[in-house]
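According to the numbering used here, the sequence shown is numbered sequentially starting from 91.
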Amino acid sequence: MPDASAPPFWESWAGTAVMPAALMLGERAVDDMFGRTGSMFGLWIPGVGRSVMVRDPALIRQVLLASGDVVDDVEVNRVQEPIIGRQGLAVLDPDGNRRLRQIMLPALRPQSLPRMREMTESLARRVVDGCPAGEPFALGPRLRTAMMEAILALTIGVDQPRQFDEWMGALWQVFRRAVSAEITVRYMLRHVGGIALWPSFHRRKSECDGLIYAEIERRRRRGEDRDDLLGVLMRARDERGARLTDQVLRDQVMSIIAGARTTTATGLAWTFERLIRHPDALRRLTAESDAAAWGDATLGPAASGAAASGAAALGAAPARGGGAVQEGGPCRRAGPYRRARL
C-alpha cells in the first residue's frame, strides 16, 4: 500500500505555481512537478482552496473508492455548475443525488437497455469501418466525435446527420469555453462576477438550452414517449406524482453530456495505447472478441476476464513521447474489419 499521507506544506506553495505554468506550457509543467515530488503534490487554487494532484494508480483508486465523508467530490464538481446547472446530478449533495436517482430508476423500462446497447454496438462498428487500414491516424478526435454521437443518440435520440451537426455546433461553442484557460481564471473570480459577466459564454449556453427546451416541448406537444434518457427523465415522477421540471430535465441532460463527452473517449484512447504497447494482452483480447463474434464458448468469460484484468494492469498512465493513441498521435488499424480489432 503506497504512502497516502498528505504532501508537505511547502509543496502547496511550489505546486500553486504549476497552475499558471500549466496554462502557458501545457502538461509539461505538471509532469515536471510530479518528477520532483513523486506520486502527488499539493497546491492552492484561488477560488477552490487547497488541492492535491495525484498520479499513482493505487492512490487514484483509493480516491475513487473513498466514501463521501473522506472525499468531498461534490464541492470539486461545482466547477461544472456554470455548464450543467445547480440541479445536475454531479453537483447535488449526496441526499439530493440519491433522491433524484430513486425518482429516475422506476421510469427506466426493461427494453430500454438492450436498445441502447444495440445502438452503441452499431456506432462502434461504424467507427471501426471508418478507420483507414494500414496507415497511421489520430484516434483521439475520432473517439471524441463518436462519443458525442453516442451520447446525443442515447440521451436525446439524435439520429440524423443534420440534427447531429446542429447540436454539435452549439455544444462545441460552449465546451470550447468550458475547457479554456479563461474559464479557470473566471471561476476563481466568480464571486466578483467572473462568470456572470461573460456575455459570449452565456449566449452560447442559451443556444444549447434552447435546443434542449425545444426538444422537451416538442415531445410533450406530440405526446412522444421514447426510450432514450430524456424519455426516462420525462416519465419520472416524485413521491407526490409530480414530474421533473424543465429546468431539472435540462440540468440532467447537460450533466450527462458534460460528464461523458471526454472521459469515455480518453479512457478508450488510454486502453488502446496500453494494448498496442503490449501485444500479448492485445492478442488475448482479440481472441476473446473473435470468440464472441463466432460463438466460441470455450473462450467466453475466462478469456474476457483475463484480457480485461491484463489490460488494466499494464501501466499507471499512457507513456509519453510517440504514444500510439495520444492526442494527435498515430494509431494503425491492423487489417480488415473483424469486430473491433484495431
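Even glycine gets a Cβ: it sits at the ideal position worked out from N, Cα and C. Just so it is clear, the structure is predicted and the values come from calculations on it, not from any experiment.
- For the options GLN201, GLU307, ASN187 and ARG374, the alpha carbon positioned closest to that of ASN167 is the one of ASN187.
- Taking the Cβ atoms as the reference, ALA326 lies roughly 5 Å from ILE193, within the contact range of under 8 Å.
- DSSP places VAL142 inside the beta strand (DSSP E), whose first and last residues are 139-144.
- In the DSSP assignment, PRO251 falls within the alpha helix (DSSP H) that extends over 251-268.
- Closest in alpha carbon position to GLU165, among ILE173, VAL153, ARG151 and GLY139, is GLY139.
- Between PRO172 and ILE285, the beta carbon gap of about 5 Å places them in contact (Cβ cut-off 8 Å).
- The region 313-330 makes no contact with the region 259-271; the number of CB pairs closer than 8 Å stays below 3.
- When secondary structure is reduced to three states using DSSP, LEU287 falls in the coil class, being assigned neither helix nor strand.
- Per DSSP, reduced to three states, the secondary structure at PRO200 is coil, with no helix or strand assignment.
- With respect to the 8 Å criterion, LEU190 and LEU182 are classified as neighbours on the basis of their beta carbons.
- Where ALA228 is concerned, the enclosing beta strand (DSSP E) starts and stops at 226-228.
- A straight-line Cα-Cα distance of about 14 Å links MET123 and TRP134.
- In the three-state DSSP reduction, ARG316 falls in the coil class, being neither helix nor strand.
- CA-to-CA, the gap between THR352 and LEU149 works out to about 22 Å.
- The alpha-carbon of LEU372 is positioned some 29 Å away from that of ARG205.
- With respect to the 8 Å criterion, ALA156 and GLY349 are not classified as neighbours on the basis of their beta carbons.
- With contacts defined as CB atoms closer than 8 Å, ILE246 and VAL322 fail to qualify as a contacting pair.
- For the set ASP121, VAL169 and SER129, the Cα lying nearest the Cα of HIS281 is the one of VAL169.
- In this structure, the CA atom of ARG215 is about 11 Å from the CA atom of ALA236.
- Here GLY132 is bridged, per DSSP, to VAL142.
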